[in-house]
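To start, the structure under review is shown below, and the notes come after it.
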Amino acid sequence: MEHLFRVVDDGMLEELVQPYTEVEVTRALSQMAFFKSPSLDDMSPIFYQKFLHIVKLDVMTYVLNLLNSYSMAIKLNETHIVLIPKCKNPEFLSQFRRISLCNVVYKLASKTIANKLKVLLDRIISLAQSTSLLGRLITDNILLAFEINYFLNTKTIGKQGYIALKLDVNKANDKVEWTFLE
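Using full-length UniProt numbering, the first residue of the sequence shown is number 1, and each one after it goes up by one.
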């Protein structure tokens, strides 16, 4: 293991282990979509955004305790999975998109963690991984595949060979953990 390339250096690790702050949680709350997928208790982020002046102490205490102590109430982790049709009159499970309806406080904690990780992701995730980072598109890899194919077809020096490329772009985004992207 000591011979493996270490992606997360000591400086990055130091950033990641810093305790979460109220400023980070408040920023994450302000970034959440107002009415996006209400939670199990029918609460949307707009409630917490609009009435933060009333619920701030309770919400911040709970979320910061959750983030800094690494312990979570089991009830908070409950999620309903809902299937949304991708087309009219779906007949197969593959024609549905799965979404998770989870507690807003859980989403808030997740968003706070994601914000902390986001600043390091471009240094950790390979350039070949094109769909998990802002500014990177799956089409970048498609263009790269065309360039490789063109090079192989126009190569004039050396042994001539062939290559077959099989791409399944249709399923590429179904493999992404959507909770990470949010």
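Cβ atoms here follow ideal geometry from the backbone N, Cα and C, with glycine treated the same way. These figures come from a predicted structure and were not determined experimentally.
| query | Any contact of the stretch 83 to 94 with the stretch 105 to 115, i.e. 3+ C-beta pairs under 8 angstroms? | reply | As far as the Cβ criterion goes, the stretch 83 to 94 does not touch the stretch 105 to 115, which means the pair count is below three.
| Can the beta-carbon of Lys-116 be found closer than 8 angstroms to that of Glu-24? | The Cβ atoms of Lys-116 and Glu-24 lie closer than 8 angstroms to each other.
| Cβ-Cβ distance between Ile-99 and Ile-113 below 8 angstroms | no
| request: Count the other C-beta atoms from every protein chain shown that fall within 10 angstroms of the C-beta of Pro-45, then say buried if there are 16 or more, exposed otherwise. | output: buried
| query | CB-CB under 8 angstroms to Glu-15, same chain, minus the five flanking residues each way: which ones, in chain order? | reply | Contacts found: Lys-116, Val-119, Leu-120.
| message | Between the alpha carbons of Asp-10 and Gln-18, how many angstroms are there, rounded? | response | 13 angstroms
| Would Gln-31 be called buried (16 or more neighbouring beta carbons within 10 Å of its own) or exposed? | exposed
| How long is the line joining the alpha carbons of Leu-64 and Ile-138, rounded to whole angstroms? | 35 angstroms
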